[in-house]
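**Student:** Please find one structure pasted underneath; my questions will follow.
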Amino acid sequence: NETLVSVENLGVRFAVKRGGGWGKASYLYAVDDVSFEIKRGETLAIVGESGSGKTTTALAVARLVEAYQGKVNLDGTDFLSLDDEASRLARAKMQFIFQDPYSSLNPRLRAEQIVREPLDSLSTMDEAEKKEIVDRLFAEVGLRPEQQRLFPHQFSGGQRQRIGIARALATQPDLIICDEAVSALDVAVQAQILNLLRKLQADLNLTYLFISHDLGVVQHMCDSIAVMYMGRVVEHGTRMDLFNNPLHPYTSALLSAVPSVDKARREATKRILIPGDPPDPVNLPAGCRFANRCPVAQDICRSQDPALRDVKGGHKVACHLVGEDAVSPL
Ligand code: SF4
Numbered sequence: 003n004e005t006l007v008s009v010e011n012l013g014v015r016f017a018v019k020r021g022g023g024w025g026k027a028s029y030l031y032a033v034d035d036v037s038f039e040i041k042r043g044e045t046l047a048i049v050g051e052s053g054s055g056k057t058t059t060a061l062a063v064a065r066l067v068e069a070y071q072g073k074v075n076l077d078g079t080d081f082l083s084l085d086d087e088a089s090r091l092a093r094a095k096m097q098f099i100f101q102d103p104y105s106s107l108n109p110r111l112r113a114e115q116i117v118r119e120p121l122d123s124l125s126t127m128d129e130a131e132k133k134e135i136v137d138r139l140f141a142e143v144g145l146r147p148e149q150q151r152l153f154p155h156q157f158s159g160g161q162r163q164r165i166g167i168a169r170a171l172a173t174q175p176d177l178i179i180c181d182e183a184v185s186a187l188d189v190a191v192q193a194q195i196l197n198l199l200r201k202l203q204a205d206l207n208l209t210y211l212f213i214s215h216d217l218g219v220v221q222h223m224c225d226s227i228a229v230m231y232m233g234r235v236v237e238h239g240t241r242m243d244l245f246n247n248p249l250h251p252y253t254s255a256l257l258s259a260v261p262s263v264d265k266a267r268r269e270a271t272k273r274i275l276i277p278g279d280p281p282d283p284v285n286l287p288a289g290c291r292f293a294n295r296c297p298v299a300q301d302i303c304r305s306q307d308p309a310l311r312d313v314k315g316g317h318k319v320a321c322h323l324v325g326e327d328a329v330s331p332l
């Protein structure tokens, strides 16, 4: 598959007010030198806890927050350097599905108007064509034609997420960014929505950037995974790489919290607890950002910042204790 999205050295920082005045600028580097690629028709999951920079990364990819450095190449176009009008058109090729479909759907509009809205603002189609597309989208996401007349509050959470998905599909995007798209739903409904997203991906050759704090949610959903911690990617590889051979201690800890359906694996996996809190993001430590919580930290970890490097056929990790043999230090 060809590469649809390529992100290089992306950086987002926010000026932070500290103490009595602005004085010397302090920055919070919410996204610090992040790079990845997504192939057309595939899914990359970015996983991390809140404050890891995963959502800010997604927003910067879509130009909804400003990056101070880096490049986003979208289907051959240098997206971040387009002028406003060109970027508005390009952004139609990139749509979001948000965590809370209720707050992202206008309560005063009928479902059919919500799904049609992106077509109204972006295309010159006539009403009959738009109606045909809306009818098809409702069918594709598993909603009944008569539900088009209802308002958001008349739907369940899962149904509202289906409306959000139909709206995201209206402009025939190449890339869909799912930001915690199923986190607000209960487990049974989560599974239905994930299945729907997978089916739509297969039918329409969609590409997903899937943002989640939960490795369990992404395990049946993605081709590759980037784990973020404190603004950085600390491990990046295929789903098999990460699930079968997690290398970064933080990834191992996240994975140990995922309930496995496989009994042997469940029994073999000890829950790894991560003590303490992340460091102050405005005043980062000199060495590894995970050092104060890492169960195997050494002296070198507290003085030298580990770079993300390829240790085995594209499996990348930022940890001093992982060598060329790609064995977890835990
Ligand atoms: Fe832990 Fe050191 Fe690896 Fe950081 S570099 S994850 S502190 S072992």
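Residues 3 to 332, numbered by full-length UniProt numbering, are exactly what the sequence shown covers, in order. Think of the CB as a built atom: it goes at the ideal place given N, C-alpha and C, for glycine as much as any other residue. It should be emphasised that the depicted structure is a prediction, and the values quoted were computed from it without experimental measurement.
1) Among the residues of its own chain, which have a CB less than 8 Å from the CB of threonine 79, if the five just before and after it don't count?
2) Return the Cβ separation of arginine 241 and aspartate 216 in integer angstroms, given the expectation that the two are a contact with Cβ distance under 8 Å.
3) Would you be able to state if there are at least three C-beta pairs under 8 Å between the stretch 109 to 119 and the stretch 144 to 157?
4) Comparing C-alpha positions only, which one of Pro175, Gln174 and Gln163 sits nearest to glutamate 182?
5) At what residue ranges does the stretch 236 to 298 contain a whole run of the alpha helix (DSSP H), taking only runs of 4 or more?
6) In terms of residues, what are the limits of the alpha helix (DSSP H) holding threonine 59?
7) Label alanine 60 either buried or exposed according to how many other C-beta atoms from any shown protein chain fall within 10 Å of its C-beta, with 16 as the threshold for buried.
8) Cβ of histidine 238 versus every heavy atom of the ligand SF4: is any distance shorter than 6 Å?
9) Which class does alanine 130 belong to by DSSP, given the choice of helix, strand or coil?
10) Please specify which runs of the beta strand (DSSP E), each continuous and at least 3 residues long, are wholly inside the stretch 156 to 202, giving them in chain order.
11) DSSP state of leucine 6, grouped into three classes?
12) Any heavy atom of the ligand SF4 closer than 6 Å to the Cβ of histidine 317?
13) Determine the direct distance from the alpha carbon of leucine 66 to that of proline 248, and round the result to whole angstroms.
14) Mind reading off the beta-carbon distance from alanine 62 to glycine 233? Whole number of angstroms is fine, and I expect it under 8 Å.
15) So for phenylalanine 153, helix, strand or coil by DSSP?
16) By the 10 Å Cβ neighbour count, where 16 or more other Cβ atoms means buried, how is glutamine 174 classified, buried or exposed?
17) Please state if the CB of isoleucine 167 and the CB of valine 136 are separated by a distance shorter than 7 Å.
18) Quick check: the Cα distance between leucine 208 and alanine 299, rounded to an integer number of angstroms?
19) Taking only the alpha-carbon atoms, compute the straight-line gap between alanine 17 and valine 284 and give it to the nearest angstrom.
20) Of the choices Ala288, Phe212 and Cys303, whose alpha-carbon is the least far from that of histidine 250?
21) Hey, how far is the Cα of phenylalanine 245 from the Cα of leucine 257?
22) Cα-Cα, which of Ser54, Val313 and Asn75 is closest to aspartate 282?
23) Between valine 7 and the ligand SF4, is the CB less than 6 Å from at least one heavy atom?
24) Is phenylalanine 81 helix, strand or coil by DSSP?
**Tutor:** For this structure:
1) Ala92.
2) About 14 Å; that fails the 8 Å criterion.
3) The stretch 144 to 157 is in contact with the stretch 109 to 119.
4) Residue Gln163 is the option with its Cα nearest to glutamate 182.
5) The stretch 236 to 298 contains these whole alpha helix (DSSP H) runs: 241 to 246, 251 to 258 and 265 to 270.
6) If you look at threonine 59, you'll find it in the alpha helix (DSSP H) that goes 56 to 63.
7) Classification for alanine 60: buried.
8) Answer for histidine 238: no, Cβ out of range of the ligand SF4.
9) In the structure shown, alanine 130 sits in a helix (DSSP, three-state: H, G or I).
10) Look at the stretch 156 to 202 and you find these whole runs of beta strand (DSSP E), each 3 residues long or longer: 177 to 181.
11) When secondary structure is reduced to three states using DSSP, leucine 6 falls in the strand class.
12) Not one heavy atom of the ligand SF4 is found less than 6 Å from the C-beta of histidine 317.
13) Proline 248 and leucine 66 have their C-alpha atoms spaced approximately 32 Å apart.
14) Incorrect: roughly 11 Å between the Cβ atoms, too far for contact.
15) It is coil, neither helix nor strand.
16) Exposed, because fewer than 16 other Cβ atoms sit within 10 Å of the Cβ of glutamine 174.
17) Taking 7 Å as the cut-off, the Cβ atoms of valine 136 and isoleucine 167 do not count as close.
18) Rounded to the nearest whole angstrom, the C-alpha separation of leucine 208 and alanine 299 is 41 Å.
19) Distance between the alpha carbons of alanine 17 and valine 284 is about 9 Å.
20) Closest in alpha carbon position to histidine 250, among Ala288, Phe212 and Cys303, is Cys303.
21) Going from the Cα of phenylalanine 245 to the Cα of leucine 257 covers about 7 Å.
22) Distance check between aspartate 282 and each of Ser54, Val313 and Asn75 places Ser54 closest, using alpha-carbon atoms only.
23) Valine 7 Cβ: outside cutoff for every heavy atom of the ligand SF4.
24) When DSSP states are grouped into helix, strand and coil, phenylalanine 81 belongs to the helix group.
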